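Residue numbers (this note's numbering), protein chains in the order written: chain B, 108 to 267; chain U, 263 to 1145.
As structure tokens, then:
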């Protein structure tokens, strides 16, 4: 549990990593800032029939086609009441663009790498599967998202 | 050095490809000095560059090849052996180049073997002189050979002279060229002449007119243009909403420029399809030599241009298909002679534009596809069941060759049949949004037709709506649009749950797009109206029901996210003018769902051998049972129509019975939808046999109709053979054989038990309809029936098993017909005693005479059920008495 992602060398300053924080459900999450391309509002989402349930649809973001991932569905949380004014964090993986749909965006935190702890044993299984460890913040836990694992959708689901 | 080497590799590879083609041409036309000149120049260039770059191994080999070709030019006769050795040398050079590309070093090794044979061919006289023990014959041969070309040589003296002059010039600078700078800086007049010659012969001239641009640059340019097209579309969409905007005029201008730019950039990517064919003459030549066949490869339309991306993707499939044709399709000269064809087989490749597509055809005049073998193989591999195979049309069965794991080659050869079959070809063509189809006539040949888009980047698509979502359907696959309306000629009919459109008297299977994409809940639209996009994939036609149709739009296909790529219904996605993302439907994906659902079939094409069936009309009893759709059964199978007073219907042991002519007759309901009425009269169809009767309860007897019978769509439902058009209406044809055992479980078995094995009959019938219809009739009469689908299968059965009381065969069958089968049975003393009975839809008096002469004892019309039974019984009794 020493590496957060392949591309986060830039954000690792003297043993510190910068995280973009977001809330999904009641939980706070952190994404290594080096993996985050942008944050945008979801507009004109096109549903994709027959797609895995985690994939909310596709949309046009400045001429690029972005695949929107419903993080609540991905984490096994209850569905959002409606899709209006959803915010997404744009990330890139193997040249493809994805938008992780979140409930709210938070601040950017600079956290020491050595304070990151491994997943608590009783962490929810679905959460644990996409978590790269946790940081203890004042009053709450920040789950560090392993972006590549979040995107492991459809590939193995269909292969089975 | 790196750049230089790369340039050298690219250029040399291109030259070598050209040499391949030219050499094969040259072999066929050895007196063509121009071709020889081309080859010579190319090899010489390769040699020269190798020397310049310090690649001694390549240089030595090229030099030896050049020397031999120089001899050709000097008048030595061109032999196939010599050309083979030169081609081998070219192959070796290619191998070395591949290594060179990988390691940037010339691989170790020597080519003394090839150089040796090249030299032996080039200097036979020298060899003879050096070797005192050499045969004098070789010398005379050469001398003779030297004499021979003098005649043509004298005629084109000018050509010869020029050739000599060039040789003299070229050989000299070959040495200075070895030293770096030699060719360019040496003031030697010889070198100057050499350069002039080179310029004159084209390389220099071409260079001034074209430049090399890396493919990446063009790709990038194309991407940018695609983005520009999208942005333009978006702007146009905005302008459309705003009527009077100042943007209108400049926007129009922008639109035009964009369109022209798009066209221009596309042009830079266009290459003649001949580039993909370049290797084929060589491939075919080698194959012909290896297989001992004579093959004429004709190429038409090589100049037809298409996008290089598409070109790259079809190159391998095309090569594979030509190999297949040469290897499997074309027969050996002796076989061709026996079949009355010219000994030289022809493979004809042609390409032409049609709409926004390119059609490539590969036609051969070989043996054609053996449909039954294809079917047998498909059954053996578990791709289809025998029942499915029996119901397939000829075209469907031919298309089985595109199924994975199906190669009908009996022997695995070094050329093809390595388990990589037509399925790979189809997959490759599917990938580029193209379609492939095959038409074949046994013994005459086969034609493969490939339809591919000109380009992959920008395609024209029809925007449709289903279940509130919009989708793009590639225009390539769309044939026509139909608006279906209730109460009109074109309305959506339903047979069971399968929606069908009757389009110009053909049944077109329909799919509801919303339902296929699982957007609309369960039942979906049961409406008889809607928009239907008639599509064609291969020769499979079907209709896609959508809620609404919009415009067509030029769309830029963008690959789907890897997380969505497993969804077979979409081939990609794109951004529309209004900025929204839209999924692009993959016609192949839709076609597959139809294939699975209803055993799709095609319009416009009918089974070749069902002609006899089509010509004969027959009477059908048309009725309704359980649903408003029409059902029918051949009238000849029905004994009687009855309307029975419901008061007479009794229940016994949970079954409906009626006293009928002194017996109890069980009643069977056609399906669960049919209710046995409580009052009034109950219509039913009565089927009787040997004192036993059964009543099939229906709702309403509609009519008796005369029509041709063509089962358009085979059915999976028990009790239904399939659907046909009868008097212009889609109608289900009922399988009576399914209902008889429901009345008397032992309807068929009872008689088998009581009769001896002498009562087995062999039924040979290619039509699946009669194969389904006749056995129940015969079984009901107490015979055990063994069925063969054609003459060959019948003979195969008879080899193992001759215990038949009679053989009943159809006369019209593909391959071996009934008369030929009869002759084969008569010729075999072990089977000659079995009485033969011919069945056919139609026979003229002359035909009847031929039937008698062929040894048939009886002839019965196909639908004459009592006649058939009595004839078979007659034959069998005779046999028993005789025994």
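Backbone N, C-alpha and C fix where the C-beta goes; we use that ideal spot for every residue, glycine too. Because the structure is a prediction, the values reported are computed rather than measured.
Check each candidate in the options and name the one with the smallest Cα separation from residue i.
i, options, result
"residue 308 of chain U", "U:278, U:286 and U:334", "U:278"
"residue 703 of chain U", "U:560, U:890, U:1036 and U:1076", "U:1076"
"residue 238 of chain B", "B:158, B:182, B:176 and B:146", "B:182"
"residue 697 of chain U", "U:705, U:710 and U:495", "U:710"
"residue 1093 of chain U", "U:1028, U:1063 and U:756", "U:1063"
"residue 284 of chain U", "U:321, U:331, U:269 and U:505", "U:331"
"residue 968 of chain U", "U:615, U:935 and U:882", "U:882"
"residue 380 of chain U", "U:713, U:340, U:477 and U:802", "U:340"
"residue 474 of chain U", "U:520, U:530 and U:610", "U:530"
"residue 227 of chain U", "U:1073, U:499 and U:762", "No statement about residue 227 of chain U is possible, as the shown extent of chain U runs from 263 to 1145 and does not include it."
"residue 692 of chain U", "U:747, U:701, U:521 and U:715", "U:715"
"residue 685 of chain U", "U:985, U:793 and U:661", "U:661"
"residue 201 of chain B", "B:173, B:195, B:186 and B:220", "B:173"
"residue 890 of chain U", "U:772, U:755, U:813 and U:566", "U:755"
"residue 1136 of chain U", "U:1045, U:1085 and U:1109", "U:1045"
"residue 753 of chain U", "U:803, U:720 and U:807", "U:807"
"residue 932 of chain U", "U:1000, U:896, U:924 and U:843", "U:1000"
"residue 1073 of chain U", "U:1122, U:1091, U:1040 and U:1057", "U:1122"
"residue 768 of chain U", "U:274, U:796, U:625 and U:982", "U:796"
"residue 740 of chain U", "U:747, U:1091 and U:724", "U:724"
"residue 360 of chain U", "U:280, U:271, U:377 and U:296", "U:271"
What residues from chain U crowd round residue i, counting only those whose CB sits closer than 8 Å?
i, result
"residue 170 of chain B", "489, 492, 493 and 837"
Return the first residue and the last residue of the alpha helix (DSSP H) that residue i is part of.
i, result
"residue 348 of chain U", "342-365"
"residue 333 of chain U", "318-335"
"residue 524 of chain U", "510-531"
How would you list, in chain order, the residues of chain B whose beta-carbon sits under 7 Å from the beta-carbon of residue i?
i, result
"residue 843 of chain U", "153, 165, 166, 167 and 172"
"residue 820 of chain U", "172"
"residue 781 of chain U", "156"
Considering residue i, what are the terminal residues of the beta strand (DSSP E) in which it resides?
i, result
"residue 828 of chain U", "No beta strand (DSSP E) holds residue 828 of chain U; DSSP gives it neither H nor E."
"residue 1101 of chain U", "1098-1102"
"residue 711 of chain U", "707-715"
"residue 130 of chain B", "123-131"
"residue 242 of chain B", "238-244"
"residue 148 of chain B", "143-148"
"residue 227 of chain B", "Per DSSP, residue 227 of chain B belongs to no beta strand (DSSP E) and is neither H nor E."
Who are the neighbours of residue i on chain U, taking C-beta pairs under 9 Å?
i, result
"residue 162 of chain B", "823, 825 and 826"
So, is residue i buried or exposed, given that buried needs 16 or more other C-beta atoms within 10 angstroms?
i, result
"residue 423 of chain U", "Note that residue 423 of chain U has pLDDT 49, beneath the 50 cutoff, so the model's placement of it is unreliable and the number below is only indicative. Classification for residue 423 of chain U: exposed."
"residue 865 of chain U", "In this predicted model, residue 865 of chain U has a pLDDT of only 32, less than 50, meaning its place in the structure is not dependable; the value taken from the coordinates is given anyway. Buried is the call here."
"residue 944 of chain U", "buried"
"residue 562 of chain U", "exposed"
"residue 884 of chain U", "buried"
"residue 1071 of chain U", "buried"
"residue 689 of chain U", "exposed"
"residue 569 of chain U", "buried"
"residue 893 of chain U", "buried"
"residue 467 of chain U", "Low confidence applies here, because residue 467 of chain U scores a pLDDT of 43, under 50, leaving its location unreliable and the question unanswered by this model."
"residue 849 of chain U", "buried"
"residue 420 of chain U", "With a pLDDT of only 48 at residue 420 of chain U, under the threshold of 50, the placement of this residue in the model should not be trusted; the figure read from the coordinates follows. Exposed is the call here."
"residue 511 of chain U", "exposed"
"residue 647 of chain U", "exposed"
Determine the chain U residues that contact residue i at a beta-carbon separation under 7 Å, and present them in chain order.
i, result
"residue 149 of chain B", "Under the 7 Å cutoff, chain U gives no residues; its nearest Cβ is about 12 Å from residue 149 of chain B."
"residue 260 of chain B", "825"
"residue 158 of chain B", "826 and 829"
"residue 203 of chain B", "823 and 824"
inquiry  = For the region 824-837 of chain U against the region 473-482 of chain U, do three or more pairs of beta-carbon atoms, one drawn from each stretch, fall closer than 8 Å, so that the two count as touching?
reply    = no
query = In chain order, what residues of the region 723-736 of chain U put their CB closer than 7 Å to some CB of chain A?
reply = Of the protein chains in this structure, namely B and U, none is chain A.
ask   = Do the region 650-659 of chain U and the region 603-622 of chain U meet, that is, are 3 or more Cβ pairs less than 8 Å apart?
value = no
inquiry  = Could you check whether the region 832-845 of chain U touches the region 207-217 of chain B, counting it as contact only if at least three pairs of C-beta atoms, one from each stretch, sit closer than 8 Å?
reply    = no
ask   = Pairing CB atoms from the region 772-780 of chain U with CB atoms from the region 727-740 of chain U, are three or more of them under 8 Å?
value = yes
ask   = Are three or more beta carbon pairs between the region 124-137 of chain B and the region 238-253 of chain B nearer than 8 Å?
value = yes
task = Decide if the region 550-559 of chain U is in contact with the region 292-301 of chain U; the criterion is three or more beta carbon pairs, one per stretch, under 8 Å apart.
result = no
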